[in-house]
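Novice: Starting off with a structure, shown below.
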Amino acid sequence: MRFANSAKGLTFAFLLTTQVMAVTRLKRKSRKDRSKSNVRKITLKNQNFKPVIRRVDIEKVKEEFKAKAG
Numbered sequence: 357m358r359f360a361n362s363a364k365g366l367t368f369a370f371l372l373t374t375q376v377m378a379v380t381r382l383k384r385k386s387r388k389d390r391s392k393s394n395v396r397k398i399t400l401k402n403q404n405f406k407p408v409i410r411r412v413d414i415e416k417v418k419e420e421f422k423a424k425a426g
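Residue numbers (my numbering): 357 to 426.
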């Protein structure tokens, strides 16, 4: 590409070669960083998960089995 030797031409050429590439790269990088952090959050949430402990009456369960069997 050839640009006229004017201030506008040089500025335009500079913007084409530097700024556009950097912006697209930064957008892609921010998407990657965001997805990495989301995955990390989910894995930490899964690691810290504690199931709800239910209290079970063992004697009652035994009686139910005896009633079904007999």
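Glycine included, every Cβ here is placed at the ideal spot set by N, Cα and C.
Please read all numbers here as calculations on a predicted model, not as lab measurements.
Could you have a look at R411 and say whether DSSP puts it in helix, strand or coil?
Specialist: Counted from its first residue, the sequence shown places residue 411 at position 55. Correct three-state label for R411: coil.
Novice: Specify the secondary structure class of K406 as computed by DSSP and reduced to three states.
Specialist: Counting from one through the sequence shown, the residue named residue 406 turns up at place 50. DSSP places K406 in coil when its eight states are reduced to three.
Novice: So does V417 have its beta carbon nearer than 7 Å to some heavy atom of the ligand COA?
Specialist: The model depicted lacks the ligand COA and carries no ligand whatsoever.
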